[in-house]
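Same order as they appear, the protein sequences are chains F and R.
Take 1 as the starting number for the first sequence in my numbering and just add one per residue.
Take 100 as the starting number for the second sequence in my numbering and just add one per residue.
Glycine included, each C-beta is placed from N, C-alpha and C at the ideal position.
All values reported here derive from a predicted model rather than from experimental measurement.
Below you'll find the structure, written out as structure tokens, and then a few comments.
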Amino acid sequence: MGGIKTAGDLVARMQLKKMRLNEAKAYVADKLGVSTFDLSDSTLMRTLREELDIGTVTAVPGIAKGLEAKARIADLLDIKFNCVERLKAKTGLTEAVKV
Amino acid sequence: MAVIKTRMGDGSTVEMTRDEIRADVIQGSEAAAKKGKIPTLEENEYDYLVDMFCSPSRIWGVERGHEAIMSKDGSVNTLCSSRLSSGIAAPLGREAAIRLFESAFAFDSMEVGHLDYSVKPCKFIATVEQEHMELLQHITILPLFYGFMPNLGLYYRPDGQFPNPSDLLPLGKLDEARKSQEEALEACRQDVVWLSKQMIDVSADGVNYDTVASTGDAEFLATLRACEHISGATDMAVEIGMAAEMVLGFHGELEYDGKRLAGMWPHQQMKVVEKAGASIFGPVVNTNSRKSCAWNVARAVTFVKACTAEATIPIHPNVGNGVGGVPMFEVSPIDMVTRASAAMIEIGKADGL
Chain F
1 MGGIKTAGDL
11 VARMQLKKMR
21 LNEAKAYVAD
31 KLGVSTFDLS
41 DSTLMRTLRE
51 ELDIGTVTAV
61 PGIAKGLEAK
71 ARIADLLDIK
81 FNCVERLKAK
91 TGLTEAVKV
Chain R
100 MAVIKTRMGD
110 GSTVEMTRDE
120 IRADVIQGSE
130 AAAKKGKIPT
140 LEENEYDYLV
150 DMFCSPSRIW
160 GVERGHEAIM
170 SKDGSVNTLC
180 SSRLSSGIAA
190 PLGREAAIRL
200 FESAFAFDSM
210 EVGHLDYSVK
220 PCKFIATVEQ
230 EHMELLQHIT
240 ILPLFYGFMP
250 NLGLYYRPDG
260 QFPNPSDLLP
270 LGKLDEARKS
280 QEEALEACRQ
290 DVVWLSKQMI
300 DVSADGVNYD
310 TVASTGDAEF
320 LATLRACEHI
330 SGATDMAVEI
340 GMAAEMVLGF
350 HGELEYDGKR
360 LAGMWPHQQM
370 KVVEKAGASI
380 FGPVVNTNSR
390 KSCAWNVARA
400 VTFVKACTAE
410 ATIPIHPNVG
420 NGVGGVPMFE
430 VSPIDMVTRA
440 SAAMIEIGKA
450 DGL
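Now the structure itself:
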């Protein structure tokens, strides 16, 4: 689907929650405020990902990287990531950075 | 009549007419239907496949908006390993290779895994594997599985401690062969659960049990029981990818959820995988190297369509060398990989590959 070039990583996250493809796309599209068609559009998603600060496929200084991006994605999708929960526990933070 | 250049299941180029391709597509679907006792494809689906194979275009793809999710087995072996994984032995560490899969190849998910990839050797280096997972969780964004094979074969002599059923069965020692498999599968299950828990401890997003049932029904049962344990006791996602299209009955009497595992086809495997609590199922359909790719893709898609028709979890069919309609050859021809992949999604209704 295009991974972090599009919204492929976000849809994949929902498949880990046992959502079939169309259900997962609908869930992510709703959270992002775009259509399911837009999720695979690398042009649209490149800009949107930078606006949401959830990581971009190209290297842009200042944009959230790795675990920073995942903390924001977890909040955006309203799901828990094991690594983000661990970050909170290790740092004593009770909540990740709000999107 | 126009001649179309397409391929056989061994990758070699073959010339066929449109009528010959249509005949192969229908026969491939009927072959799957007969084996699996499932419906054949429908007329409009035959038309799609025939048009696809008759197109001179080098590559094929899905309609925009129909893109599906990619999950991966074999970790970064295609970059870091040798020809045994169609690898190029690139001088890269796993961290760099996984970053490439994320950013350069735009994979939707990825997995960390060891070159050997079997649970038995991996458990001895679990702390090393944990370090890779921890580091990669810091620097990647996409979901990261830890992948490995249950590979029950390594638990039998001479590699393991249990008597080898392949030695016992030719001697007619059926009871001894079955007893050995029952003991070995429990040892394997314990190792799979243990290694999975090590990865939970370092925040993996999921585990991918790959090449499952490579040694038959006992290995499948070990994997299902391990999946049931991990899915029930943790919130970790489990993906189960199969080794072959049918579960071989080396034991023959093993059951899960009251269903005999030996002889199960993909749509039947999917049911027990769902019951075990898996998040994603990866069915396999073997490629027949003596048949055309048109025949093989039609057959593979027919099996996968029967899976997705009733599945409640995402289905990611294996589309690689020798499976899913892709030729059995070390270097996959892009014309057939793209056709098999698109057909899996458009006709098979796969949620991913």
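* To do: Tell me, please, whether the region 65-74 of chain F touches the region 82-95 of chain F by the rule of three or more beta-carbon pairs shorter than 8 angstroms.
  => In this structure the region 65-74 of chain F lies against the region 82-95 of chain F, because at least three pairs of beta carbons, one per stretch, are closer than 8 angstroms.
* Would DSSP call N307 of chain R helix, strand or coil? -> Reduced to three states, the DSSP call for N307 of chain R is strand.
* T407 of chain R, buried or exposed, once every other Cβ within 10 Å from all chains shown has been counted against 16 -> T407 of chain R comes out buried.
* Between the region 6-18 of chain F and the region 31-51 of chain F, are three or more C-beta pairs nearer than 8 angstroms? -> Yes: the two stretches touch, three or more of their Cβ pairs being nearer than 8 angstroms.
* To do: With 7 angstroms as the C-beta to C-beta threshold (strictly closer), list the residues of the region 372-401 of chain R near chain F in chain order.
  => Listed by position along the chain: S378 and I379.
* CB-CB under 6 angstroms to E168 of chain R, same chain, minus the five flanking residues each way: which ones, in chain order? -> It should be noted that the sequence gives Ile, not Glu, for residue 168 of chain R. Excluding sequence positions up to five before and after I168 of chain R, its CB lies within less than 6 angstroms of the CB of D207 and G451, all in the same chain and listed in chain order.
* Give a yes or no on whether 8 angstroms exceeds the smallest Cβ distance from T239 of chain R to chain F. => It does: the Cβ of T239 of chain R has a partner Cβ on chain F nearer than 8 angstroms.
* Pull up the distance between the alpha-carbon of I137 of chain R and that of I446 of chain R, whole angstroms please. => Near 15 angstroms, if we compare the C-alpha coordinates of I446 of chain R and I137 of chain R.
* Counting only runs that start and end within the region 251-334 of chain R, where is the beta strand (DSSP E) found for 3 or more residues in a row? -> Counting only runs of 3 or more, we get 305-311.
* Asked: Is G246 of chain R helix, strand or coil when you go by DSSP?
  -> Strand.
* Neighbourhood of A188 of chain R by C-beta distance below 6 angstroms, restricted to the same chain and skipping five residues each side -> Residues of the same chain with a CB within less than 6 angstroms of the CB of A188 of chain R, apart from the 5 flanking positions on each side, are S181 in chain order.
* Neighbouring residues, chain R, relative to M1 of chain F (Cβ below 9 angstroms) -> Simply E166, A167, I168, M169, A205, D207 and G451.
* Asked: Does E201 of chain R have its Cβ less than 8 angstroms from a Cβ in chain F?
  -> Taking Cβ atoms only, chain F reaches closer than 8 angstroms to E201 of chain R, which makes this a yes.
* Asked: Taking the C-alpha atoms as reference points, what is the distance between I252 of chain R and T314 of chain R?
  -> Residue 252 of chain R is actually Gly in this sequence, not Ile. Using only the alpha carbons, I get a separation of about 6 angstroms.
* Would DSSP call V400 of chain R helix, strand or coil? -> Collapsing the DSSP output to three states places V400 of chain R in a helix.
* To do: Please list the partners that Q260 of chain R has in chain F, where partner means a Cβ-to-Cβ separation under 7 angstroms.
  => Residues of chain F whose Cβ lies closer than 7 angstroms to the Cβ of Q260 of chain R do not exist, since the nearest Cβ in that chain is about 34 angstroms away.
* Asked: Beta carbon of F152 of chain R, beta carbon of I103 of chain R: below 8 angstroms?
  -> Their beta carbons are under 8 angstroms apart, which means F152 of chain R touches I103 of chain R by this criterion.
* Asked: In chain order, what residues of the same chain have a beta carbon less than 6 angstroms from the beta carbon of A397 of chain R, not counting five sequence neighbours either side?
  -> Result list for A397 of chain R: V124, G127, S128 and L148, in chain order.
* Asked: Looking at C-alpha atoms only, which residue of R:L270, R:T116 and R:G212 is the closest neighbour of P249 of chain R?
  -> Minimum Cα distance to P249 of chain R is reached at R:G212.
* To do: Keeping to the same chain, check which residues put their C-beta closer than 8 angstroms to that of P413 of chain R; ignore five residues upstream and five downstream.
  => Closer than 8 angstroms at Cβ, skipping near neighbours: I168, S378, I379, F380, D450 and G451.
* To do: List the endpoints of the continuous alpha helix (DSSP H) containing G66 of chain F.
  => Residues G66 to L77.
* To do: Could you tell me whether any Cβ in chain F is nearer than 8 angstroms to the Cβ of R163 of chain R?
  => It does: the Cβ of R163 of chain R has a partner Cβ on chain F nearer than 8 angstroms.
* Check the Cβ-Cβ distances between K5 of chain F and every residue of chain R, and say whether any is below 8 angstroms. => With respect to chain R, the C-beta atom of K5 of chain F has a partner C-beta closer than 8 angstroms.
* Could you pull out every residue in the same chain whose Cβ sits closer than 8 angstroms to the Cβ of N52 of chain R, ignoring the five residues on either side in sequence? => Outside the modelled stretch of chain R, which goes from 100 to 452, sits residue 52 of chain R, for which no answer is possible.
* Would you check if the region 269-282 of chain R and the region 293-302 of chain R touch, i.e. whether three or more CB-CB distances between them fall below 8 angstroms? => Of all C-beta pairs linking the region 293-302 of chain R to the region 269-282 of chain R, fewer than three are shorter than 8 angstroms, placing the two stretches out of contact.
* Distance, Cα to Cα, L10 of chain F vs H328 of chain R? -> Cα to Cα, L10 of chain F sits roughly 27 angstroms from H328 of chain R.
* **Residue burial classification, G192 of chain R (beta-carbon count within 10 angstroms, cutoff 16)** => The residue is exposed, with fewer than 16 neighbouring Cβ atoms inside 10 Å.
* Keeping to the same chain, check which residues put their C-beta closer than 6 angstroms to that of G259 of chain R; ignore five residues upstream and five downstream. => So the qualifying residues of the chain are L253.
* **Interface positions of the region 405-427 of chain R facing chain F (Cβ-Cβ less than 9 angstroms), listed along the chain** => So the list reads T407, A410, T411, I412, P413, I414 and H415, given in the order they occur along the chain.
* G348 of chain R touches chain F at which residues, Cβ-Cβ below 8 angstroms? -> Within chain F, no C-beta atom comes less than 8 angstroms from the C-beta of G348 of chain R; the nearest is roughly 30 angstroms away.
* **When R:V403, R:A410, R:I433 and R:S391 are compared against M107 of chain R, the one with the closest alpha-carbon** => In terms of Cα proximity to M107 of chain R, the closest of R:V403, R:A410, R:I433 and R:S391 is R:S391.
* **Within 8 angstroms, strictly: CB atoms of G164 of chain R and F244 of chain R** => No. Outside cutoff.
* Those residues which DSSP pairs with T36 of chain F across a bridge -> Partner(s): none; T36 of chain F has no beta bridge.
* Run of the beta strand (DSSP E) containing F380 of chain R, from where it starts to where it stops -> Per DSSP, F380 of chain R belongs to the beta strand (DSSP E) from I379 to G381.
* Anything in chain F within Cβ reach of G305 of chain R, meaning under 9 angstroms, just list it in chain order. => Those within 9 angstroms of G305 of chain R in chain F are L16.
* In whole angstroms, what separates the C-alpha of E281 of chain R from that of I120 of chain R? -> Near 46 angstroms, if we compare the C-alpha coordinates of I120 of chain R and E281 of chain R.
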